[in-house]
Structure formats: structure tokens, C-alpha cells
Amino acid sequence: MKKLSHYFEDFRFLNIFANVYFAIFEFALGLYVLYLGGNSLDVGLAYATYNFSWIVFMPFSGILKNSSDVKRSLLTGFILLFFGLFSFSFFGMPLIYTSVFLIGFSSSIISASMLYLVSFFGGYRDANAYAQLMYFGIVGSGLGAFIGFLFFLYSQFTGKYLFSLRITFFIYSLLALLAILFTINIKLGSAGVEIISVKKSKTKSKLVNLVILLSTSFLGIGQGIVYPMIVPFIVAKYRTTPLILMLAYAPAGIGWFISTKIAGPIINRFSESRAITFITLTSALIAFLLPLSPNLIVLSLLWGVEAVGLSVWTIYMQHMVAKFMPSEKWGSSFGSLNGVYYLSYAIGSIGGSSLYFFRNPFFSFWTGGLFFLLIPIPILILNTLKK
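What follows is the structure, given as C-alpha cells:
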């Protein structure tokens, strides 16, 4: 019988394909909508559609009970991801929203399945397991960013910006097709997830789950308000091309990579409440400073620091689910975690785009920063009650 680490290595490898589109999609979705003739409200609606689509799988995430369920859900997710990315590279407005929905829905299936598996491979006792999973995802995002960079470089000299975006996502769809083949042949087997059964106090689990979801909702609303509007803000203020915009996004990508190396030690070795309080206060401050940036370089660096803080928080929440919830509830709990986050993000993106369109960018970013300040409060209250 092969060692469990063999299955885990196969599983982590799949996360590369699951995230290959993410880095470019994160900032290029807004740019793509603008090139298709949309405005800031259309950008907000596109991000809202993407995040709302993550919610759809939430009621079904409880089906994740064993390795066979996980393999089927992974395969379904990658098939839908292929169709979403493929259609995204051809559709215009308003059909593009259908593609965006498919991309988000498929990603929610893949994410819940992977988080469920990683919990059994050490996640319930060590936050580093989720950081390692995120590391493979960032490798995939880096690969996707490199592909995007080549075509954005081409567009810089030819002016064919829309064509470059379309061909980039077409290549991503081919990589998703490759992921389907890997998923068919992956061996999760009965030696995987059925081995461990982690029991927790039901009363304590429910309380912690409520706290996790409440904090996650603040995180989602704050990010939904701030993140989708960064691209329209940069385009309007600095008149950038896709290549320059991608270079401006690079520190954020580096920030996500750095977070995979520091999140585990921060969460495992230091006071959790102090660490997340400092991180979220920093994120709030940066949200206030973003629209005040004197130039694109400063804004880009702030964007990178923001990414570090909020990604550490994401890893912390994933670890909290496995640490405090019984193993038979992990599937539904991770589905709820993703669902609440993306529902909140969708609400935030609609609100943020409205504030940006009808008021001004400053009001939008500063409102998002206020929600970041609320993130650690439920955790601090819970820790106070424990004492």
C-alpha cells in the first residue's frame, strides 16, 4: 500500500490547475468588462456574479463524506471550470456573466473538496497544512500570470488588448482540460480520508462556527468593497495598459506567496488573537491609504502588503474550522465558510461599485477599511468569554 503522503502530493498538484486562472482573473475581470463596453457598475456586477456563484454549492457541501465523494466532486468541478474558462474567452456582454458564474461555481466545488482533504492530512492540528495547499495554488497562479504576461506584452506592442485577454483565458481552459485527465487518474483511495475521525464538543463547535462565519462575513464585505474597485481606480487615475496593470498587481501576488511561508508560524507560535488583530488593523489602514497613493508604485506596494494580511486571515479561518469542528462536519463547514465569504464579497462588490460610481473612490475604499476593523472583534469576544 502506498503511503498517504503519495495521495497528498497528487492532491496538492491538482491545486496548481485549480488556481491557474486566478491571478489574472482577479484583476483582469474588471479590465475585461471595461474593454467589452461596461462601466464601474458592470464591473461590480461581474464580481458579484463570481462571488455569488460560490454560494450555490454551499447547501451540497455536506455530501463530502469520503474519498469517492471527493474525487467525483473534483472531477465535476474541473469539467465545469473548463467550460467556464472556454466560454469566457469567446463571450461578450451580457453572456460573459454566464461564464463568470461557471468559473466561480466550479471553483467552489474544487475548493471545498480540497479543504476537506487537507484537513485529514494534518490541517486539524497544524495551520501549515493550509499554507502548503495555498502555496501550490499560488504556483498555479504564477504559471497563469506568466502566460498572461506574455500575451499582455504582445498587446503592449500591438494594441490588441481584448484579443490578448481572450487568448489567455483560452489557454487556461486547455489547462483545466488537462486537470480533468489528472483527476480521472488520481488515487485518493480508501486509505485516505476514512482513517481519522475527529470529535469535538457540539456546543463549543457551534459557537466557534458562528464566530468564524461572522468574522468571515466582515472580511468578505470589506474585500468586496475594496478589491473590485482597485482596477477601475488605477485605469481612471493612471491610464494604464494591461501590462502595466499586471506589473502593478505583481506585489499582491508576491504577498500571497509570502503569506504561505509566514502564516503557519504566526498562527501556531504566537497568540492567535494578537496576530490577527494586528494583521486586520494593518489591512484597514492600507485600505484608507490606497486612494491617497501619490503614484502607482506606492499603490502597488500597499496592494502587496494588503494581500499578505488578508491571506494570513484566510488560512487562519480554514485552520479554525478543522481545529474546532468534528470531522463529519468538515465538508459542510468548509462549504459554509466559502459560501458566507463569497456571499459577503458579492454584497460588498455591489455596495462598493455603487459607492464608487455615485459618490467617489475615497468613500468606497474607506468604507471597506471600516469593515476590516470589524474582522477580529468576534474572535476577541470569544476569547474574552473563555477567560
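Whatever position you read off the sequence shown (first residue = 1), add 412 for the numbering used here. By construction, the Cβ of each residue, glycine as well, lies at the ideal position given by its N, Cα and C atoms.
Using the Cβ count rule (16 or more neighbours within 10 Å means buried), how would you classify residue i?
i      : result
Asn597 : exposed
Gly449 : exposed
Phe645 : buried
Pro773 : buried
Met729 : buried
Val467 : According to the sequence as given, residue 467 is Ile; it is not Val. Per the 10 Å Cβ criterion, buried.
Met801 : Nothing about residue 801 can be read from this structure; the chain reaches only from 413 to 799.
Asn427 : buried
Gly571 : exposed
Ile709 : exposed
Phe630 : buried
Glu524 : Residue identity check: residue 524 is Ala in the sequence provided, not Glu. Burial call: buried.
Ala660 : buried
Phe498 : buried
Leu622 : exposed
Asn451 : exposed
When the Cα atoms are used, what is the spatial distance from residue i to residue j?
i      : j      : result
Ile787 : Leu693 : 9 Å
Phe500 : Ile579 : 10 Å
Thr652 : Gly665 : 19 Å
Leu792 : Leu562 : 46 Å
Lys618 : Leu782 : 27 Å
Phe564 : Met732 : 39 Å
Met526 : Phe425 : 11 Å
Leu574 : Asn431 : 22 Å
Gly552 : Arg484 : 22 Å
Tyr566 : Ser576 : 7 Å
Leu697 : Glu438 : 22 Å
Thr779 : Gly634 : 8 Å
Leu655 : Ile436 : 11 Å
Under the assumption that residue i contacts residue j (Cβ atoms under 8 Å), give the Cβ distance between them as a whole number of angstroms.
i      : j      : result
Val643 : Gly442 : 4 Å
Ile559 : Ile522 : Not quite, the Cβ-Cβ distance comes to about 20 Å (not below 8 Å), so this is no contact.
Ile762 : Trp725 : At roughly 22 Å, the Cβ-Cβ gap does not stay under 8 Å, so Ile762 and Trp725 are not in contact.
Is the shortest distance between the beta-carbon of residue i and the beta-carbons of chain B less than 8 Å?
i      : result
Leu555 : The structure shown contains no chain B; it is built from a single protein chain.
**Asked** Taking three-plus beta-carbon pairs below 8 Å as touching, is the segment 583-594 in contact with the segment 708-718?
**Response** no
**Asked** Between the segment 696-704 and the segment 764-784, do three or more beta carbon pairs fall short of 8 Å?
**Response** yes
**Message:** Using a Cβ distance threshold of 8 Å, determine whether the segment 542-557 contacts the segment 440-460, with at least three qualifying pairs required.
**Reply:** Output reads no: the segment 440-460 does not touch the segment 542-557.
**Within the segment 706-764, ranges of the alpha helix (DSSP H) (whole runs, at least 4 residues)** = 708-736
**Prompt:** In chain order, which alpha helix (DSSP H) runs of at least 4 residues are fully inside the segment 540-601?
**Reply:** 540-570 and 573-597
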